[in-house]
Amino acid sequence: MDWTTYILVSVIKIVITLVVLLTAVAYTVLLERKLVARIQNRWGPTRVGPFGLLQPLADGLKFILKEDLVPANVYKPLFIAAPMMSMAVALMSIAVIPIGESVTLPWLGVKTPLQITDVNIGLLFLLGVGSLSVYGIALAGWSSNSKYPLLGSLRASAQMVSYELSLGVALIGVVLIAGTLSLREIVDAQSGAWLGLVPKWNIFRGQIVGFFVFLTAAFAETNRIPFDLPESETELVAGYHTEYSSMKFAMFFIAEYTHMVTVGCVATLLFFGGWHGPSFGPEILRALLPVFWFVLKVFLFLFLYIWIRGTLPRFRYDQLMAFGWKFLLPLAIANVLVTGLAVALGA
Amino acid sequence: MNLWLIPLLPLAGALLNGLFGRRFSRAGVTAVALGFPGAAFAWSLWVAAQFARLPAAAIPYSETLAAWMQAGAFRVNFAFYLDQLSLVMILVVTGVGFLIHVYSVGYMAHEGGYYRFFSYLNLFLFFMLTLVLADNYLLMFVGWEGVGLASYLLIGFWFQKDSASAAGKKAFIVNRIGDFGFLLGMFLMVKTFGSLSFGEVFPAAANLGVEGSAGVLTAIALLLLLGACGKSAQIPLHVWLPDAMEGPTPVSALIHAATMVTAGVYMVARSSPIYSRAPEALMVVAIVGCLTALFAATIGMAQNDIKRVLAYSTISQLGYMFLACGVAAYSAAIFHLMTHAFFKALLFLGAGSVIHALSGEQDMRHMGGLRRKVPWTFATMTVATLAIAGTPLFSGFFSKDEILWKAYSSPQGSPVFWAVALFTTLLTSFYMFRLWFMTFFGERRTPAGDHTHEDHVHESPPVMLVPLVILAVLSAVGGYVGVPHALGGHNSFAQFLAPVFATGEEVAVHVADAGLERLLTFLSVLAAVLGFAFAWVLYCKRPELPERITAALGGLYYAVANKYFVDEGYQAVFVRPVVEGSTEILWRGIDVGLIDDSVNQAAAGARGISGAVRKMQSGNLRSYAGWVAAGAAAVLAYMFWVGTR
Amino acid sequence: MLHPILFFVFATLCVAAAVNLLAQKHPINSALSLIVVMVSLSVLYLLLGAEFVAAVQVIVYAGAIMVLFIFVIMLLNAGEEEHTHGSRVALLLGLPAVSLFAGLMVWVLGRRPGGAHLGEFLGPTKEIAHLLFRDFLLPFEVTSVLILIAIMGAVVLARREP
Amino acid sequence: MVPISYYLVLSAILFGMGVLGFLVKRNVITLFMSIELMLNAVNLAFVAFATQWNALSGHVFVFFVMVVAAAEAAVGLAIIIAVYRTRQTLNPDRVDLLKL
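Chains as they are written, first to last, in this note's numbering: chain A, 1 to 347; chain B, 1001 to 1645; chain C, 2001 to 2162; chain D, 3001 to 3100.
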């Protein structure tokens, strides 16, 4: 494969992934509205299209057509750059996520993995990009030159830095079991099943604590309830994006839901065996089923997200910090110790 | 024989009382303070008994505890040496010392620093016993310095009093001069004999050829004499002893009358093999002793402080002892040393008892008529006075006459020495009876307007009186160990000591002229009676006479009463120039001018340079960074230059 | 072909961001420039085959240290920097010194032989782990102590006076 | 192929700019960032040398530098906060006395 083909294949994959991802994000929003409505015993959007299925389109149109307002006292360069940073970083992490085995592209005849790029340190890449996501929020709040956004962004940066630690430590257990940082190899390590019944997913290999810590920390990283302190409407109006409107606001919105999707992907890959699942039927079905299993698992995570949002109240800020530092982090470290011991004894 | 126990027992007492005495009760302190010296005395008696059984060949008996230092062939041991001389000394020191300890229990009963006092006193005994038991000059020097230290501590016992601490310092400093001589003497000994041990030095000295070595031996002897003069308060280093009376009276009795001040005599006697080979030095010893005896006795006549009279008396009596040594009559000196220890200790203790009875009064002009109030003290003091005055049949009579006789008859002696000593006997008798009359007879002469003491005059407690009585008995009969042949005795004391001094030249010249000796004895008794008579006339019969006489004598009396202005002379000749020189040259010139100024100049220079360099320390972070960058660039450039060269 | 292009793109970005760091008046712009420098350097590390270092560079430097900087800037609400002239030394002595220093360094380092190929030398994470936890175990533990002390120091220093 | 000297020269340039920043900037936080820039430049040199000599120790050393940088940032920023609290300024030119 010469490098022109390489670039061509890459561009194709990027375009497809982006389109799919953005669509998924749009419909996740709809899903959330519908689900939360049902939890609250409402209907949710029903008017645009059948069952309100065209609602995301309407929302998008509305975002685009709204006046792009820039308040007078903001620090303009960063005020404009912040949402872009936020969205760009959010979209970047999808680049290393594999969604299935390799396929051979028609016409070009090139066998390529179902992944934009396969890197040896995919997990570290995810963590690195995730750690950058704090900038968008922090700078947005600061550049707004307004007190609620500033408080929101201060909270956001402290919260995200704190929980990033637990997040990273929680993943070490998985890395210890798999012995690699490559996401594809981690998934491969989870193939098969015990007695043909219980799949060898990491969550069944003792990483239940790790999964719990990861999930909690990921909720905090994505600023979702019960950790949505940076944008808690009862205290800070709308937190860091109080001053934003129109497409800039939409970018934060997209970033948040992209993060949700990414977290769902990562949880699936690391703890739930990725695309592994029952495989049967004809050739074409065998090729598509892994992707289906993957999407199903991610969907379940998104469902979980929304479910929790509809169920749990918000933490108080000091509780949030105490929980992160005094409970989650020690738990994550204990998990590393136990897993490390188990791996060392098993080796 | 475990000689080491004798000095170590008082040391244990000193350490116990010194370190823990503050926590002991008074009874505890007393028990420690008396128990250890008492044990030392008992052990000394046991040692004496053992000694008596030793064969003559085993004397001197020596005991080596440990090596102290070794340098080439030269070595010094911690070793003790016992012969007849040191036996007499340890018995006197521990015996009299123990009695004075007992006395002190009563005397110091109402004083602060009780444990401290006894700690020092025991410490003194330790050093004194080390001194007399030492096997070599260096260990002797340790004791020598140690008794000086104890003396200093005890003179300054009431250190809150300026005069007491000044007296302590004076004693210490004057003694340093003597010690300087002693040290030089020792150096010379090491150089000449290569040893400091008695057992090696004396034979070596005896075997030294007279022609080649007389100078060296004379030098050693004179240097040792300087040390002895310091310790025994002989002219010209006598000035510290009268001032030392600032200490508590038992201290005066023990240290400054009975024991420590006789260390010089002991040392000269101990070094008799050296002195006997250095006739010139011996002559000097005799002259010093003779002069001191006369000189101190004259001063003693004019003193009014009861303790000062006794102090000058002590100096005078020490002069006798030196005179005896100087005429090579060492055993007579030691004999007198012993009897003097008895009666002078008794005199001091009696004086202490008087002072105690008068609640601290020391001026004889304010005393008088005490013989009924303090009968025991009066009786014992009378014995002592009779003894020191040379009344026949008392101890002082035998020892003093022995000295007078030797001064006349010894080959080194001369009629001049005898005449001076005889005159001194008269003076001694006079001033002692003057003291006796002024204190115990006539009427009480309290200072005008002072009636506070009147009713409080009381006899001392038994604990003080018992030692007085014992010492009185000893003063009375102590002389019978040395009754001379001329008076029908056997002079057994001299015979006992003879082996010690026989190593030197044979000095026991037996002058068969018993008649002459009896005549001289009669003359000395006559002198004593004359002195008594003068004193009786002047201070009992016609008390107004002394004033008229002193008025008539005028300048002479003034000089005598002021101790011939020796202190003032020393002040002018030695102290002033040293102080002035120190002030002007050493202090203002060298210290302030040179040393301080150089320090100041250095500081000023540092400040000047700092003032310039300070500008670098602007406190500005970026400036510092600029300097760092410049430094880094310089280092890099240098490395680059080195690398490409 | 790809290697030189990527190198020059990111090296230029790196230097440009560094220049921007110096040129900007507002510390937050400087901080963002520094983040750009760091991310560019991380790419250069990847070019040199040090993938683990590259990841850690982003996570630790860009993700943690610089967040701390921005946090502090926000906390203190630092404004544009003043134009004071407190140090003549820095300008008169420092600037020539820096020029000399950098010039010498460039001159010396620029003559080093050898080259790097893309993907030629990969530092496998496992190898680094072995090195770190076996050969460099003691320094590793010491640095953990250093971190602990730094945490305590920071807490003590930043605590409001009681 | 890119000569290793390119990386090294880049490292030298970045280091020089870090020093320069320390000299010319008038905000303590920016000065701190200049230090970080210098450390990064050094790290680049380490990695470049590691590649040249095929020795992973260079990478390990980079981690140590990072740890030191992190510790330094924590303490340094705490100091900056403390200084700002007492003097209300971040300008090093105004913080040149030991007393308040």
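Virtual Cβ for every residue (Gly too), placed ideally from N, Cα, C.
Run through chain B and tell me which residues come within less than 7 angstroms of residue 2087 of chain C, C-beta to C-beta. 1620, 1622, 1623 and 1626
Interface residues of chain D around residue 2034 of chain C at Cβ under 8 angstroms? Correct list: 3033, 3036 and 3037.
Comparing alpha-carbon positions, which option in B:1056, B:1057, B:1105 and B:1004 lies nearest residue 1035 of chain B? B:1105
Interface partners of residue 3092 of chain D on chain B, CB under 8 angstroms: Residues of chain B passing the Cβ test: 1620, 1621 and 1622.
For residue 2112 of chain C, which residues from the same chain have a beta carbon less than 6 angstroms from its beta carbon, with the 5 sequence-adjacent residues on both sides left out? none
Residue 1061 of chain B, enclosing beta strand (DSSP E) - first and last residue: 1061-1071
What span of residues does the alpha helix (DSSP H) with residue 1284 of chain B cover, start to end? 1279-1301
Report yes if the C-beta distance between residue 2051 of chain C and residue 3026 of chain D is below 7 angstroms; otherwise report no. no
Please list the residues of the region 3008-3026 of chain D that have a C-beta atom closer than 7 angstroms to any C-beta atom in chain B, keeping them in chain order. 3019, 3022 and 3023
Can at least three beta-carbon pairs, one atom from the region 1518-1537 of chain B and one from the region 1419-1435 of chain B, be found at a separation below 8 angstroms? yes
Using the three-state DSSP reduction, which class does residue 1075 of chain B fall into: helix, strand or coil? strand
Beta bridge counterpart(s) of residue 1081 of chain B as assigned by DSSP: B:1062
Measuring only the C-alpha atoms, how far is residue 222 of chain A from residue 259 of chain A? 6 angstroms
Stretch-stretch touch, CB-based, cutoff 8 angstroms, three pairs: the region 1305-1319 of chain B with the region 1286-1297 of chain B: Touching, yes, given that three or more Cβ pairs across the two stretches are closer than 8 angstroms.
Compare the C-beta of residue 1610 of chain B with all C-beta atoms of chain E and state if any pair is closer than 7 angstroms. Among the chains of the structure shown, chain E does not appear; the protein chains present are A, B, C and D.
Here's the rule I'm using: 16 or more other beta-carbon atoms within 10 Å means buried, otherwise exposed. How should residue 297 of chain A be labelled? buried
What is the C-beta distance between residue 324 of chain A and residue 75 of chain A, in whole angstroms, given that I count them as a contact (C-beta under 8 angstroms)? 30 angstroms between Cβ atoms; not a contact.
Name the DSSP bridge partner or partners of residue 111 of chain A? A:104
Can you look up residue 2009 of chain C in the DSSP assignment and give me helix, strand or coil? Here residue 2009 of chain C sits in helix by DSSP.
Mind checking whether the beta-carbon of residue 1518 of chain B lies closer than 6 angstroms to any heavy atom of the ligand HEM? With respect to the ligand HEM, the structure shown offers nothing to examine, as it has no ligands at all.
Give the residues of chain C in contact with residue 1633 of chain B, contact being defined as C-beta atoms less than 7 angstroms apart. In chain order: 2097, 2100 and 2101.
Measuring CA to CA, which of A:159, A:110 and A:172 is closest to residue 226 of chain A? A:159
Any C-beta of chain A within less than 9 angstroms: which residues of the region 2052-2075 of chain C qualify? 2052, 2054, 2055, 2056, 2057, 2058, 2059, 2060, 2062, 2063, 2064, 2066, 2067, 2068, 2070, 2071, 2073, 2074 and 2075
Along the alpha helix (DSSP H) that carries residue 3036 of chain D, what are the first and last residues, could you check? 3028-3053
Compute the beta-carbon to beta-carbon distance between residue 1283 of chain B and residue 1412 of chain B, rounded to the nearest angstrom, for a pair I have assumed lies under 8 angstroms. 7 angstroms
Under 7 angstroms (Cβ pairs) to chain A, residues found in the region 2123-2134 of chain C: 2125
Which of helix, strand or coil DSSP assigns to residue 1197 of chain B: strand
Compare the Cα-Cα distances from residue 1273 of chain B to each of B:1201, B:1238, B:1459 and B:1232 and report the closest residue. Comparing Cα-Cα distances from residue 1273 of chain B to each of B:1201, B:1238, B:1459 and B:1232, the minimum goes to B:1201.
Would DSSP call residue 198 of chain A helix, strand or coil? strand
Quickly, what does DSSP pair residue 1363 of chain B with across the bridge? List them, please. B:1305
What first and last residue would you give for the alpha helix (DSSP H) that runs through residue 1017 of chain B? 1005-1020
Count the C-beta pairs between the region 139-149 of chain A and the region 70-86 of chain A that are closer than 8 angstroms, then say yes if the count reaches three, no if not. yes
Please compile the residues from chain A whose C-beta is within a distance smaller than 9 angstroms of the C-beta of residue 2138 of chain C. Result: empty, since nearest Cβ-Cβ is about 20 angstroms, beyond 9 angstroms.
My guess is that residue 1264 of chain B and residue 1228 of chain B are in contact by the Cβ rule of under 8 angstroms, so how many angstroms apart are they, rounded? Right, the Cβ-Cβ distance comes to about 3 angstroms (below 8 angstroms), so this counts as a contact.
Could you name each continuous alpha helix (DSSP H) segment of 4 residues or more that falls completely within the region 1379-1426 of chain B, going from the start of the chain to the end? 1395-1409
Mapping the DSSP letters down to three states, classify residue 131 of chain A as helix, strand or coil. helix
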